[in-house]
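Quick mapping for you: the protein sequence lines, in order, are chains A and B.
Read in the numbering used here, the first sequence has 213 at position 211, and its numbers run on one by one without any break.
Read in the numbering used here, the second sequence has 160 at position 31, and its numbers run on one by one without any break.
Every residue gets a Cβ at the ideal spot worked out from N, C-alpha and C, and that includes glycine.
In this text, all values refer to a predicted model and were calculated from it rather than measured experimentally.
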Amino acid sequence: MSEVIATNQTILVVGGGISGMTAALEAAECGKQVILVEKNPSIGGRVSQLYKYFPKLCHPKCGLEINLRRIKANRNLRVMTLTEVSGISGESGNYSVTLKTRPRYVNENCTACGACAEAVESEFDDEYNYGLSKRKGAYRPFNQSYPERFVLDPAIIGTADADKAKAACKYDAVDLEMGDSESTITVGAIIWATGWKPYDAGKIQPYGYDRYQNVVTSVEFERMLDPHGPTGGKILRPSDGKEAKDVAFIQCAGSRDLNHLKHCSRICCMASLKQSTYLREQYGDDAKGTIYYIDIRAIDRIDDFHQMVKDDPNITFTKSKVASITEDKATGNPVLHGVDTEGYHRYSNPHELVVLAIGMEPSVPANGFPMPVVLNEEGFVEQDEANGAFFAAGCSSDALDVNRAVQSATASALRAIQVINKVAGAEG
Amino acid sequence: MSYNQDMIEKYRGNFLKEVTDNVEEGDWVKMCMQCGVCSGSCPLGPHWEHPPQEIFMMIRANKREEVLESTSMWMCTSCYNCIARCPRGLPITHIMHGLATYSQRLGLAPQNQPTQKFANLFWKNLVKKGRVNELKLGLSLYFMNGFGEGIKTSLKMKDIGLNMLKTKRMSPMEYFGGHGCKDIKGLHAILKKAEELENARIGKSGS
Chain A
3 MSEVIATNQT
13 ILVVGGGISG
23 MTAALEAAEC
33 GKQVILVEKN
43 PSIGGRVSQL
53 YKYFPKLCHP
63 KCGLEINLRR
73 IKANRNLRVM
83 TLTEVSGISG
93 ESGNYSVTLK
103 TRPRYVNENC
113 TACGACAEAV
123 ESEFDDEYNY
133 GLSKRKGAYR
143 PFNQSYPERF
153 VLDPAIIGTA
163 DADKAKAACK
173 YDAVDLEMGD
183 SESTITVGAI
193 IWATGWKPYD
203 AGKIQPYGYD
213 RYQNVVTSVE
223 FERMLDPHGP
233 TGGKILRPSD
243 GKEAKDVAFI
253 QCAGSRDLNH
263 LKHCSRICCM
273 ASLKQSTYLR
283 EQYGDDAKGT
293 IYYIDIRAID
303 RIDDFHQMVK
313 DDPNITFTKS
323 KVASITEDKA
333 TGNPVLHGVD
343 TEGYHRYSNP
353 HELVVLAIGM
363 EPSVPANGFP
373 MPVVLNEEGF
383 VEQDEANGAF
393 FAAGCSSDAL
403 DVNRAVQSAT
413 ASALRAIQVI
423 NKVAGAEG
Chain B
130 MSYNQDMIEK
140 YRGNFLKEVT
150 DNVEEGDWVK
160 MCMQCGVCSG
170 SCPLGPHWEH
180 PPQEIFMMIR
190 ANKREEVLES
200 TSMWMCTSCY
210 NCIARCPRGL
220 PITHIMHGLA
230 TYSQRLGLAP
240 QNQPTQKFAN
250 LFWKNLVKKG
260 RVNELKLGLS
270 LYFMNGFGEG
280 IKTSLKMKDI
290 GLNMLKTKRM
300 SPMEYFGGHG
310 CKDIKGLHAI
320 LKKAEELENA
330 RIGKSGS
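Rendered as structure tokens:
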């Protein structure tokens with residue numbers, strides 16, 4: 003790998019999701035030097051795993067494509083994948099950052115032809131599809147992944163599969179000798195955009211996510227709709243592969259709950275409203291959606307979307323937080339139990355599939371932050387002077403939808419640029 | 130004027146305030162967000178006239194008599210499922226007990242509710258000697274709903290009773306007086322003092 007050149011006029015962006023890409027691009031397009039590091043083999047983040055955005059219901063693929071074009075065209079921006087930040091020291095305008103890079107085992111010669119994946123036999127859970135399908139030990143993370151290169155799973159290194167991958171490659175791109183590398187760079191400001199992760203649904207014990215196959219999370223449901231996804235774009239039940247036309251959405255699954263996440267994750271109401279339209283799109287008048295909610299938090303202009311779904315006779319709203327789920331053994335249908343708030347009727351409703359509108363948990367590094375950072379009680383990064391030139395962007399700062407994450411990222415880019423301008427001014 | 134009338138006068142039309150001031154953990158009632166997890170999680174849920182979530186809303190809606198005369202909070206078996214699951218951490222079990230205690234204090238508790246009846250039997254039995262007389266408590270429970278039913282229940286339970294006699298788990302002599310604690314006079318003095326303090330605290334004249 004070529005030497006990374008960075009100075010205290012460089013901005014480091016950590017995390018290559020929608021927020022990180024946006025912050026990096028905004029700063030780079032303003033003429034600043036930017037290094038974007040991403041721990042996964044590709045940038046794109048969780049937005050690349052969505053089928054459609056709300057409220058316009060357009061596909062995130064276009065936005066990602068535009069961002070990738072901007073990244074490829076920009077000389078000020080350098081992208082480092084498979085890289086994590088292991089240490090930060092110093093102060094605003096002068097940070098020393100240690101980066102650890104894991105090996106990809108595939109070099110720049112790769113043309114993404116896919117011969118290595120065909121040759122390799124071992125399979126692993128596909129992270130991109132939240133484990134709903136398998137991928138090969140040599141793989142491209144997803145169709146639009148960037149850099150446009152394959153990657154070898156470290157688990158196959160040292161096995162016959164690794165040699166098969168090497169032998170299959172016509173371009174001499176597989177390099178089994180690659181190892182971990184570490185570098186220390188100097189930067190002036192840091193934008194932290196490591197995003198969020200879905201709350202562990204298994205922890206919500208009464209909902210039986212860990213026991214019932216037909217209880218899935220909203221992020222998994224989103225993968226089902228992808229035409230190239232694990233079910234080929236069909237809404238199918240994991241237990242028997244049957245079409246699921248009667249789907250229940252449970253709101254606040256993990257959010258607004260002292261036992262789980264205290265905060266409102268903000269996106270889940272709109273996510274379920276949006277997903278109810280997928281159901282209609284796929285099954286027309288046969289579709290039946292039920293949204294179980296405490297209150298629908300669709301504010302200002304996105305409330306129009308809420309009203310539109312509300313007017314749909316095939317989508318019903320039940321004002322109740324579901325208390326528990328059991329399974330009807332004969333049909334495999336999850337049965338939802340609870341009491342509604344509009345009349346206090348006790349219900350036990352069977353549905354073909356249950357989607358948990360899962361909460362957003364801040365994605366904090368496993369070993370904690372590499373420098374002292376002021377967090378709020380939910381674990382999101384506070385905007386605090388004590389953080390110096392360490393600025394959170396997107397879901398590192400709060401539970402945000404894509405729209406607001408991009409706003410937050412642009413704002414953090416501007417904050418970082420101000421620091422860099424000050425450094426440049428002082429140095430003349 | 131009765132204590133109940135005093136309270137009606139004092140809190141005229143603001144039952145939520147009355148509950149906040151007088152019911153144990155009553156200040157939590159305003160925190161309920163009406164999600165319904167407590168009602169759905171209650172193992173006795175279908176047998177409640179008004180599930181907890183509805184009780185909380187009724188309190189806010191000033192339905193004083195409907196709440197205090199209800200049998201609902203007497204249905205609570207203290208399984209603590211609701212407390213464990215409440216997303217806002219309301220001590221629902223304790224609030225139910227608090228409401229039951231308060232309705233009893235006001236003289237509004239439903240007199241034929243079995244839990245309420247048994248609670249009174251238990252208390253009377255206990256304070257008499259400072260120890261629970263299980264034979265008498267059992268018998269008073271059997272005969273709680275009349276003589277005929279008492280005989281029927283006793284016959285149904287006779288084998289268990291005889292086995293308990295055989296293994297010395299129960300003595301028929303307990304029927305005549307029975308054992309007590311060492312300083313029964315002292316215990317009665319403590320209880321009297323406690324009642325005085327309680328009455329002073331809640332502003333109720335001695336009964």
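What's the gap between the Cα of residue i and the Cα of residue j?
| i | j | result |
| --- | --- | --- |
| L70/A | G17/A | 15 Å |
| Y304/B | L266/B | 10 Å |
| D287/A | Y209/A | 28 Å |
| H230/A | S278/A | 20 Å |
| E31/A | R417/A | 15 Å |
| A323/B | V261/B | 20 Å |
| C205/B | P181/B | 10 Å |
| Q207/A | D400/A | 26 Å |
| D202/A | V366/A | 14 Å |
| F126/A | A157/A | 9 Å |
| S274/A | Q253/A | 8 Å |
| F371/A | T196/A | 11 Å |
| S1/A | I159/A | Chain A is shown from 3 up to 430; residue 1/A falls before or after that span and cannot be answered. |
| L260/A | M373/A | 28 Å |
| M3/A | V36/A | Note that M3/A scores 48 on pLDDT, short of 50, meaning its location in the model is unreliable and no value can be drawn from it. |
| M272/A | G142/B | 40 Å |
| A332/A | P352/A | 12 Å |
| L101/A | R303/A | 42 Å |
| S201/B | A413/A | 54 Å |
| Q420/A | S350/A | 57 Å |
| E325/B | C161/B | 34 Å |
| G279/B | F272/B | 4 Å |
| K247/A | L281/A | 7 Å |
| I7/A | Q385/A | 29 Å |
| F144/B | A318/B | 35 Å |
| A415/A | D182/A | 30 Å |
| K312/A | T318/A | 7 Å |
| A75/A | A29/A | 14 Å |
| E327/B | I221/B | 23 Å |
Apply the 10 Å Cβ neighbour rule to residue i and answer buried if 16 or more other Cβ atoms are within range, or exposed otherwise.
| i | result |
| --- | --- |
| N216/A | buried |
| C64/A | exposed |
| K138/A | buried |
| S91/A | exposed |
| L219/B | buried |
| M310/A | exposed |
| L320/B | exposed |
| V376/A | exposed |
| D155/A | buried |
| Y197/B | Before going further, note that residue 197/B is Leu rather than Tyr in the sequence given. Result: buried. |
| E183/B | buried |
| E40/A | buried |
| S336/B | Confidence is the limiting factor: at S336/B the pLDDT is only 45, short of 50, which leaves the residue's position unreliable and the question unanswerable from this model. |
| I269/A | buried |
Assuming residue i and residue j form a contact by the criterion Cβ under 8 Å, report the distance between their Cβ atoms to the nearest whole angstrom.
| i | j | result |
| --- | --- | --- |
| L38/A | V81/A | 5 Å |
| D132/A | E245/A | Residue 132/A is actually Tyr in this sequence, not Asp. The pair is not a contact, with the Cβ atoms about 20 Å apart (cut-off 8 Å). |
| D322/A | G165/B | Residue 322/A is actually Ser in this sequence, not Asp. With 8 Å as the limit, S322/A and G165/B qualify as a contact, their Cβ atoms being about 5 Å apart. |
| E120/A | A170/A | 7 Å |
| M23/A | I73/A | 7 Å |
| W198/A | E363/A | 6 Å |
Is the beta carbon of residue i sitting closer than 8 Å to the one on residue j?
| i | j | result |
| --- | --- | --- |
| L263/A | G390/A | no |
| E283/A | Q51/A | no |
| V408/A | S398/A | no |
| Q245/B | P239/B | yes |
| S220/A | L59/A | no |
| S147/A | G46/A | yes |
| L228/B | V152/B | yes |
| L238/A | Y53/A | no |
| V49/A | G95/A | no |
| R348/A | G174/B | yes |
Does the beta carbon of residue i come closer than 8 Å to any beta carbon on chain C?
| i | result |
| --- | --- |
| E183/B | Looking at the structure shown, chain C is missing, and the protein chains on hand are A and B. |
Kindly confirm or deny that the region 162-174 of chain B and the region 333-351 of chain A touch, where touching means at least three C-beta pairs closer than 8 Å. Contact holds: three or more Cβ-Cβ distances are below 8 Å.
Is the region 169-177 of chain A close to the region 97-114 of chain A, with three or more CB pairs under 8 Å? yes
Three or more beta-carbon pairs under 8 Å between the region 253-267 of chain B and the region 312-332 of chain B, yes or no? With the cut-off at 8 Å, the region 253-267 of chain B and the region 312-332 of chain B touch.
Counting pairs of beta carbons, one from the region 112-121 of chain A and one from the region 151-160 of chain A, are three or more of them closer than 8 Å? With the cut-off at 8 Å, the region 112-121 of chain A and the region 151-160 of chain A touch.
Flag this pair as touching only if the region 320-335 of chain A and the region 178-198 of chain A have three or more C-beta atom pairs under 8 Å; answer yes or no. no
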